[in-house]
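Chains A and B are the protein sequences, given in the same order. Going from the first sequence to this note's numbering is simple: count from 1 and add 762. Going from the second sequence to this note's numbering is simple: count from 1 and add 9. Report on one structure; see the data block that follows.
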Amino acid sequence: MAKVPLTFTLNDAEIGVFVVPGSNLLDVLRRGAGDLTPKEGCAQGACGACTVLIDGVPHLSCLTLAEMAEGRRISTTGGLAVGPELHPLQTAFMEGFAAQCGFCTAGMLMSAKALLDQTPNPTRDQVIEAISGNLCRCTGYEPIVDAILTAAAKMQGRTA
Amino acid sequence: MSLSVETYPTLREASQAIGDRARYIGGGTLLMRAVNYGDQSFDRIVISREIDRTIRNEGQGVRIGAGATMADVLASRDAGFLHPVARVIGGPAVRNMGTVGGNLFAAAPFGDFATALLALDATVQMADGQNQPMESFLSGRDRARGLVVAVTVPRVSEREFRFAKISRVKPKGASMMAIALWLRGSGRIDEARIAFGTMGPTPLRAKAAEQALRGRDLTEPGIAAALAVCCDGLQPADDPLATAWYRRAVAPVHLKRLLLETR
Ligand SMILES: Cc1cc2nc3c(=O)[nH]c(=O)nc-3n(C[C@H](O)[C@H](O)[C@H](O)COP(=O)(O)OP(=O)(O)OC[C@H]3O[C@@H](n4cnc5c(N)ncnc54)[C@H](O)[C@@H]3O)c2cc1C
Ligand code: FES
Ligand code: FES
C-alpha cells in the first residue's frame, strides 16, 4: 500500500511524514517523527501510556487514526521541558519518586498537564479522576497524585 | 494487512462509501483496537470531514449528533439528564474520543450509552433519511451498514430516569452489567421501560419486568413480581468479567437497588 503524506504540529515543530494508511498516531510519533516519549503498553486503550494532547485535550494515540491528526496540534512529554529547564510536573515526579520503572510516566504527565491547564488548583479527587485512564504497575498511585498536587502548588506559587 | 483510508468532505458521501468491507470511523476507540490487533473483516476506513457533534433541544426531545463525544455530552446542559451515563464511560481520554454514534455499535461489555438510549426509546436517524426506534436499530445493527447521523432522545426529568453501571474496577472498569430505567407516573408507575446492558449481544429490554411494574408502587412488595421475571428474554454470556450464572443471580439485586433508590 502506497504511503500517504501527513502533516501536523508536534510540540511547536512542523512535521511532515509519509505514513502507511491505517497507522495509529503512536506509531507515527515514535517511528515517523522520532518522538519516543509516548509509550505503547497495550495498543487497545487500556493503559494510557500513549496519552498525548491533541489541540490541548488528552487522546490515546494508539487509538487515533493517523490520518485524523492531519493539521492538528500535538503535544507530548518530549515538549514539556524548555531547554534544560524541566516542567514543574517533571520535577515534582522526580523529587516525589512518582516514577519507578517510568513506563507510565509520559502518559501520566500529559493527563496531568491537561488537568492543570484547565484547573490550576485541582482537588485530590480531580487529580485521581484525571489520571483514571492511566495505569501504573509500580507506584501504587499515591506518589503520582502527590506529585501532581505539589506541581500545581508550585506553579501557583504556593507550597503543597 | 493492507488498509486504505478514504476521506470524504460530507457525511452523505461518506455514507455512500461504507459497506461490507468499509467501516466508518467515529472516535476510533473500538475500530482502531480492531486495526491494531489485525482484524481482517474490513480493509477500508471511511473518514468524513463533516462531523455533527451538535447537541440541541428539538421539539420534545434532545437531538445529539452522532459525532458528539462523551465529553461533548458532559459539556451540554441540554443533555444534562444523560450526564450520569456519559460520566462513567471509560477514562477522560476515552470520553474525549468515543462518540455517541460509535457507542450504538459497541458490543458487550460496552454500549452503556446505547443501553440508556434504549430505555429512553430514542430514535436513530440514518444518513439515508430513515428514522428507526433504538430497539429495532439494535436488533438489526450487525447486518445494517448505514451511517448514523444523530439520535433524538425524549427529554426526561432527572426523577424519571435512573442509570447504574456495575463494574468490578472503579472508576473506569467495563460494565459487568448496566441498567437504565425510565419510570413514568407519580406514586404509582404508569409506564416503565427497563434496559439491561451486557446481558446479551446488544442492550436488551426486560419486557416482562416492565409489564410487572405497571400500576405498582416503588416499595419492596410493589416491585417483587418485576424482580422475579427481570431476566426473562435476556441472554447473558460468560466473559472475563462474570459468568452468565452470576449475572442472572445478581440482576434482581441491582435492579432492586436502583428501583428503591431514594431521590
Ligand atoms: C479503555 C476503554 C474503556 C472503555 N469503556 C467503555 C465504557 O465504560 N462504556 C462503554 O459503553 N464503552 C466503553 N468503551 C468503548 C468505546 O470507547 C465506546 O463505546 C465509544 O462510545 C465508541 O465510540 P467510537 O466513536 O470510538 O467508535 P469507533 O471505534 O469509531 O466505531 C465503533 C464501530 O461503530 C461504527 N460507527 C461509529 N460511528 C458510526 C456512525 N456514525 N454510523 C455508523 N457506524 C458508526 C464503526 O464503523 C465501528 O464499527 C471503552 C473503550 C476503551 C478503549
Ligand atoms: S498503548 Fe494506548 S492505551 Fe495502552
Ligand atoms: S512507574 Fe512503572 S508503571 Fe508507573
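Where a beta carbon is used, it is the ideal one built from N, C-alpha and C, also for glycine. All of these numbers come straight from a predicted model, not from anything done at the bench.
| message | Please list, in chain order, the chain B residues whose beta carbon lies closer than 7 Å to that of A892/A. | response | What A892/A touches in chain B: P101.
| message | ligand 3 and A854/A: does the residue's C-beta get closer than 8 Å to at least one heavy atom of that ligand? | response | It does not: the Cβ of A854/A is nowhere closer than 8 Å to a heavy atom of ligand 3.
| query | From V889/A to W191/B, what distance separates their C-alpha atoms? | reply | Straight-line Cα distance between these residues: approximately 33 Å.
| field | 6 Å Cβ shell around L127/B - same chain, five flanking residues per side excluded | value | Once the five neighbours on either side are set aside, the close Cβ partners of L127/B are M143, A204 and P212.
| Presumed contact (8 Å Cβ cut-off) between P820/A and N105/B, rounded CB distance | 6 Å between Cβ atoms; contact.
| query | Which residues, in order along the segment 896-913 of chain A, keep a beta-carbon less than 8 Å from a beta-carbon of chain B? | reply | Taking 8 Å as the Cβ-Cβ cut-off, the segment 896-913 of chain A approaches chain B at N896, given in chain order.
| request: Tell me whether P850/A sits in a helix, a strand or coil according to DSSP, three-state version. | output: Here P850/A sits in helix by DSSP.
| said: I need the straight-line Cα distance from N112/B to D130/B, nearest angstrom please. | reply: Using only the alpha carbons, I get a separation of about 16 Å.
| request: Report all residues from its chain with a CB closer than 6 Å to the CB of M79/B; omit the five preceding and five following residues, and keep chain order. | output: The residues are A95, I98, R104 and G107.
| task | Just tell me which of N66/B, T161/B, P118/B and K216/B has its CA closest to the CA of T132/B. | result | Closest by alpha carbon: T161/B.
| said: Within 10 Å of its beta-carbon, does E829/A have 16 or more other beta-carbons around it, so buried, or fewer, so exposed? | reply: With 16 or more Cβ atoms within 10 Å of its Cβ, E829/A is classed as buried.
| Would you say I198/B and R177/B are within 9 Å of each other, going by their C-beta atoms? | In this structure, R177/B does not lie closer than 9 Å to I198/B by Cβ.
| field | Chain-ordered residues, beta carbon under 6 Å from a heavy atom of ligand 2 | value | Those residues are E802/A, G803/A, C804/A, A805/A, G807/A, A808/A, C809/A, G810/A, A811/A, C812/A, L822/A and C824/A, given in chain order.
| task | Establish whether the CB of N773/A and some CB of chain B are separated by less than 9 Å. | result | So no, N773/A is outside the interface.
| query | At a cut of 8 Å, does the segment 24-41 of chain B reach the segment 810-827 of chain A through at least three beta carbon pairs? | reply | Two segments are said to touch when three or more pairs of C-beta atoms, one from each, lie closer than 8 Å; by this definition the segment 24-41 of chain B touches the segment 810-827 of chain A.
| query | Who are the neighbours of H821/A on chain B, taking C-beta pairs under 8 Å? | reply | Listed along chain B are A102, N105 and M106, each with a C-beta nearer than 8 Å to that of H821/A.
| message | Distance cutoff 9 Å, beta carbons only. Does P846/A sit that close to anything in chain B? | response | Interface flag for P846/A against chain B is unset, since no Cβ pair is found closer than 9 Å.
| query | List, in order along the chain, the chain A residues whose C-beta lies closer than 8 Å to that of G37/B? | reply | Per Cβ cutoff of 8 Å: L825, T826, L827 and M830.
| field | I60/B and L12/B closer than 9 Å at C-beta | value | The answer is no: Cβ separation not under 9 Å.
| task | Per DSSP, which residues does F119/B bridge with? Please list them. | result | Paired residue(s): none; F119/B is not in a bridge.
| query | Since A805/A meets chain B, which of its residues come closer than 7 Å, beta carbon to beta carbon? | reply | Within chain B, the residues near A805/A are N45.
| message | Please list, in chain order, the chain A residues whose beta carbon lies closer than 8 Å to that of V14/B. | response | Per Cβ cutoff of 8 Å: V766, P783, G784, L827 and E829.
| said: Report the start-end ranges of each beta strand (DSSP E) in the segment 63-118 of chain B that is 3 residues or longer and not cut off at the edges. | reply: Runs of the beta strand (DSSP E) spanning 3 or more residues and lying entirely within the segment 63-118 of chain B occur at 64-67 and 70-74, in chain order.
| At a Cβ cut of 8 Å, what residues of the segment 808-820 of chain A count as close to chain B, listed as they run along the chain? | Contact annotation: in the segment 808-820 of chain A, residues whose CB is within less than 8 Å of a CB in chain B are G810, T813, V819 and P820.
| request: Jot down the residue ranges of each uninterrupted alpha helix (DSSP H) in the segment 130-162 of chain B, minimum 4 residues, whole runs only, in chain order. | output: Runs found: 143-149.
| Applying a beta-carbon distance threshold of less than 8 Å, which residues of chain A neighbour K181/B? | Going along chain A in sequence order, the residues near K181/B (Cβ under 8 Å) are S894 and G895.
| If we cut at 9 Å on Cβ distances, does M79/B have a partner in chain A? | Not an interface residue.
| said: For a quick check, are the C-beta atoms of I836/A and T769/A less than 9 Å apart? | reply: In this structure, T769/A does not lie closer than 9 Å to I836/A by Cβ.
| request: Check whether the Cβ of G100/B lies closer than 8 Å to any heavy atom of ligand 3, and answer yes or no. | output: Residue side-chain check: G100/B keeps its Cβ at 8 Å or more from all non-hydrogen atoms of ligand 3.
| query | Do A861/A and ligand 3 come close, with the Cβ less than 8 Å from some heavy atom? | reply | Checking every heavy atom of ligand 3 against the Cβ of A861/A, one is found closer than 8 Å.
| request: Can you give me the Cβ contacts of G110/B inside the same chain, cut-off strictly under 7 Å, excluding the 5 residues immediately before and after it? | output: Closer than 7 Å at the Cβ level, and outside the excluded window around G110/B, lie G35, A75, G76 and V157.
| L269/B classed as buried or exposed, judged by whether at least 16 other C-beta atoms fall within 10 angstroms | L269/B is exposed by the Cβ-count criterion.
| request: Please name the residue or residues paired with A189/B in a DSSP beta bridge. | output: Residue pairing from DSSP places A189/B in a beta bridge opposite F172/B and A204/B.
| When burial is assigned at 16 or more other CB atoms within 10 Å of the CB, is L798/A buried or exposed? | L798/A comes out exposed.
| Taking only beta-carbon atoms, is R42/B less than 9 Å away from chain D? | This model lacks chain D altogether; the protein chains it does include are A and B.
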